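Each residue of the sequence shown is one higher than the one before, starting from 5 at the first, in this note's numbering. Structure record follows, encoded as structure tokens.
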Amino acid sequence: MAKRKEENFFSPENAKRPRQEELDDFDKDECDEDECAVSFTNGTSTLTAAEVGIIESIQLKNFMCHSMLGPFKFGSNVNFVVGNNGSGKSAVLTALIVGLGGKAVTTNRGSSLKGFVKDGQNSADISITLRNRGDDAYRGNVYGDSIVVQQHISMDGSRSYKLKSAAGAVVSTKKEELIGILDHFNIQFFMKATQLEQMKEDYSYIMETKERTKEQINQGEERLSELKRQCLEKEERFQNIAGLSTMKTNLEYLKHEMAWAVVNEIEKQLNAIRDNIKIGEDRAARLERKTEEQQVRLNEAEKKYKDIQDKLEKISQETNARAPECMALKADLTSKKRAYNEAEVLYNRSLNEYKALKKDDEQLCKRIEELRKSADQSLEPERLERQKKISWLKERVKALQDQESSVNQEIEQFQQAIEKDKEEHTRIKREELDVKTTLNFNQRQLKELKDSKTNRLKRFGPHVPALLEAIDDAYRRGLFTYKPVGPLGACIHLRDPELALAIESCLKGLLQAYCCHNHADERVLQALMKKFYSPGTSRPQIIVSEFRNEMYDVRHRAAYHPEFPTVLTALEIDNAVVANSLIDMRSIETVLLIKNNSVARAVMQSQKPPRNCREAFTADGDQVFAGRYYSSEYTRPKFLSRDVDSEISDLENEVENKKAQILSLQQHLSTLEKDIKGNEELLRRYQLHYKELKMKIRKSISEIRELENIEEHQSVDIATLEDEAQENKIKMKMVEKNMEQQKENMEHLKSLKIEAENKYDAIKQKINQLSELADPLKDELNLADSEVDNQKRGKRHYEDKQKEHLDTLNKKKRELDMKEKELEEKMSQARQICPERIEVKKSASILDKEINRLRQKIQAEHASYGDREEIMKQYQEARESYLDLDSKVKTLKRFIKLLEEIMIHRYKTYQQFRRCLTLRCKLYFDNLLSQRAYCGKMNFDHKNETLTISVQPGEGNKAAFNDMRALSGGERSFSTVCFILSLWSIAESPFRCLDEFDVYMDMVNRRIAMDMILKMADSQRFRQFILLTPQSMSSLPSSKLIRILRMSDPERGQTTLPFRPVSQEEEEDRS
């Protein structure tokens, strides 16, 4: 093979042949490879060698037809294994595949492992050393810097592993450990190296698991129905069984016990009543103290509220008093600023005029002096012509300046119009956003109302019907002490539909709340709510209060007005628990409902509010206090409206109106945008015209100056120039006088402006200070108001408790007198039935039931029901089996649902990953072919798992795409190398092996293929390349990153083949 040009790989100073000593030392010092910084392309690039996964050495014994190969070492980057046929090159590649766990079929060298054992031997051994360094090392503290994989293959085709550390210690003998190492280093074939096969296998396995799970669910449901039937049979049999053997014997004794049990119960009741009376008297004293303490706290809270309200009212009055003055000062400041700016413009204009007149005066004086010195009067006609032209030019300048002023005014008008349109556009855009927000809210409310037509409970939330079913189910299963009540809005009814919005504004979130008897019931309800309300969303409020069958007596503390009802009287509430909860939480007996807003203000603010009345609500939902008034945010009721169709119709009309309003606003916006665009275009034209006028004025002035500055030797009418100079001086004096007046006026206006600014800043600062003082006071006032409400509620609570307790205590005392009389009568009756008193442990009600049951059983026919304990045991087992299987079936159904969602996402990811790898491979293949002006196509058929390659070796489109079989040997080999390099580009394995890649190549193809391989190796220093070829590699450049391993031909009787690196000089000498 002819030598390739070495300048492709090395600079001249690095292209020298290495000495034999250097080649001999190459095997001894491997660290040189890791520190090597010589590039294949220009000798300058530096890349770090791979630290994990590459092959450091390999040794074969009795493998294939070789008694002993190696041990020998590979370099960290490019390794060429050269030698004649039969020297053992392919054995090395085969040993790598088999030694790292590959199957015999994948080597294309045999169908069974026993075929790799040398004839006449009992076993074969393979030893491979893998590098294991750096942060990515596999169990670096166990294996060290290298992992030795030893495989022993027996004649029967079996094999065993030994995984050793760098120190030689055996770490593991399991194949699973080797698989873990290969997975960690990513040493796999194409599909596995790209992780496509693993993803495909996982997908198939999961789908099989899904089908098996479905079968289990079907079987479980069939079994579940059978278990349920058995469980019901066992339960019925269990309930019917009872012991009958001792019933007759116990009947008489139960009668005696019954007589004295009645006496015992009355005595217990008497003792309990006496204890309760004593405890009640103590509690009455405690409630009295609590009520007094609560009154003290209420007085303190009301005093604090009054003090804060007085402070806030004082600040508010002071702020309101200063507001007109602030607005007047602001208007005055604006006018003074405008006047000052106008004066400043006039002054600057006069100053510029004075400077121009002064310059003209100097030029006239100079011109007169020059003309006086001149005696030549022969150029009089030219002077007159020049004077005429100067006059014409001045008139033209004046006309242009007038035109400039007019255009400038037009520009200002356009700018003002554009600014005004933009402000209007911003305002309309903001209004459109507000209308869209309202439209979205109305559309959501409309959907909820339409849903509530089929089920009124959906007004309180889409999950409420399902939640109530879950509550019913939990109550049937005995999870609640008392069934929770709610939502409260569904348990109340309006007496007057016009007050719906007022009552909703008062109760707010309480309409969606639920009531529980105790905290245990609350925890169960919270657990149920978690199933229907996702985390982060608001849940209905849960009120914990002991359930009572009677509503609170609130007559002594309820608000009263002869014309207006309270919230309590405006509602029909059948459930006492609902009424008591609303009284406790919102004090609905103290809130008046007044339809008219002005009347509500008059009742609550113009005069003293009615007795016990804290606040009032109007029909519009506004909230009225004695000193405050809050408007409602809502315009219609959401939960309590009876006429749903009317509400839906109103909402639909409002939605249509909002849509029409949005359309109108959008049309207005479009018109404004067109106006802005048109005005901006006109503004641009006028500005351009303004610039052109400026240029014309400057040009005319320049011409005037040039004509005036021309030095002429001719006679000029000096008298005319002197008159002009005198007139110019008069103008200068007038302008100077005007400037002084304007300057004085400007200074005066400036002082007025500064004075107005100081006054406005002072009052603005005072108003801001007042606002800063008011903000924390408002917060304190709200807190104080809440505190007053809490203390009042606490006081009412203790007063109600005290009154209720005293009533109960008096009732208990009356009951005590009656029970003492009853006890005397029952003791007399008991002595008649059983003279001697006996000890009774059961209650009278239980004994009575037992007596009745025994009588019925005795009178009935005797029947044998079998063994009672066995029936109980069978029933418990059947019930536990049923519940266990039911839980498993539900869990499997949830698992199937989750699995389907995961698999849809996983399959999409798999397809996308496969498309990316395919595209990357195609692009790399086409790029490599282009180095010889080839074109090619790669068609991946993932469905049939086939790959079609076609190559066009011609120039451009002149040659057609050919099948690989139609190419010459060299073209096919070159295309194959390009294909292999393309596959390497998408595989992440730490090393690559290629056998006899250049056998059928000509010199040109071999050179290009070699360049491509070396270029890839140079760009991937972190990967190892092992290339096997029978060709001579004498033309390779000298580099520590390239190692040539030549395998000598085996001699007769030789058992160990010599194996060492061959230098470039030796290769050339042999060739």
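Where is the CB? At the ideal position from N, CA and C, for every residue including glycine. Since this is a predicted model, take the numbers as computed values, not measurements.
Glu180 Cβ short of 7 Å to the ligand GDP heavy atom set: With respect to the ligand GDP, the structure shown offers nothing to examine, as it has no ligands at all.
Cβ neighbours of Ile900 in the same chain (closer than 8 Å, five flanking residues each side left out): Hits under 8 Å: Lys214, Thr217, Lys218, Ile221.
Within 8 Å, strictly: CB atoms of Leu1032 and Ser94: In this structure, Ser94 lies closer than 8 Å to Leu1032 by Cβ.
Exposure of Phe621, with buried meaning 16 or more beta-carbon neighbours within 10 Å: buried
Where Arg559 falls, given that 16 or more other Cβ within 10 Å makes a residue buried: exposed
Stretch-stretch touch, CB-based, cutoff 8 Å, three pairs: the segment 340-356 with the segment 752-762: yes
Among Glu824, Asp888, Glu712, Ile496, nearest to Ile394 - alpha-carbon criterion: Of the candidates Glu824, Asp888, Glu712, Ile496, the one whose C-alpha sits nearest the C-alpha of Ile394 is Glu712.
Contact check, Glu269 vs Ser847, beta carbons under 8 Å: yes
Below-8 Å beta-carbon distance, Ile319 vs any chain C residue: Considering every chain present, this structure includes no chain C. It has just one protein chain.
Pairwise C-alpha distance: Glu306 and Asp476: 45 Å
Where Ser934 falls, given that 16 or more other Cβ within 10 Å makes a residue buried: Per the 10 Å Cβ criterion, exposed.
Spatially closest choice to Glu677 from Lys426, Asp783, Gly540, Ala580, by CA coordinates: Lys426
Segment contact flag, the segment 83-93 with the segment 152-163, C-beta cutoff 8 Å, min 3 pairs: no
Terminal residues of the alpha helix (DSSP H) in which Phe536 lies: 523-536
Extent of the continuous alpha helix (DSSP H) run through Asp476: That run of the alpha helix (DSSP H) goes 468-480.
Ile132 - partner residues in DSSP beta bridges: Ile62, Val153
Cut-off 7 Å between Cβ atoms - residues of its own chain near Tyr694, not counting five sequence neighbours on either side: The answer, listed in chain order, is Glu408, Val411, Asn412, Ile415.
Paired residues, beta bridge with His70 - DSSP: In the DSSP output, where bridge partners are listed per residue, His70 has Phe67.
Supposed contact pair Ala580 and Glu554 - C-beta distance, whole angstroms, cut 8 Å: 6 Å
Backbone secondary structure at His429 - three-state DSSP: helix
Pair within 8 Å by beta-carbon distance, Glu619 and Val595: yes
Cross-strand partners of Lys1019 (DSSP beta bridge): In the DSSP secondary-structure assignment, Lys1019 is not bridged to any residue.
Nearest to Tyr1004 (by Cα), restricted to the options Phe978, Phe76, Ala171, Tyr556: Phe978
Environment of Met1037 [buried if 16+ CB atoms lie within 10 Å]: Buried, since its Cβ has 16 or more Cβ neighbours within 10 Å.
Any 3 or more C-beta pairs closer than 8 Å across the segment 177-186 and the segment 160-168: A contact exists between the segment 177-186 and the segment 160-168.
Where Leu572 sits in the DSSP three-state scheme: coil
Own chain partners of Leu686 with C-beta closer than 7 Å, once the 5 adjacent residues on each side are dropped: Phe418
Beta-carbon spacing of Ile283, Lys816 below 8 Å: no
Given 8 Å, three or more beta-carbon pairs between the segment 837-853 and the segment 597-606: They do not touch, by the three-pair rule.
Alpha carbon of Val468 to alpha carbon of Lys462, nearest angstrom: Val468 and Lys462 have their C-alpha atoms spaced approximately 6 Å apart.
Contact set for Gln313: own chain, Cβ-Cβ below 7 Å, skip 5 residues either direction: Gly631, Leu785
Pick from Pro839, Ala517, Val548 that is closest to Ala524, judged by C-alpha positions: Val548
DSSP beta-bridge partners of Ala620: Leu596, Val628
Nearest-angstrom beta carbon gap, Asn683 and Ala332 [assumed within contact, 8 Å]: In fact, because the Cβ distance is near 35 Å, the residues do not count as touching under 8 Å.
8 Å Cβ cutoff met for Asn66 and Lys118: no
Limits of the alpha helix (DSSP H) - the one that Lys179 falls within: 179-189
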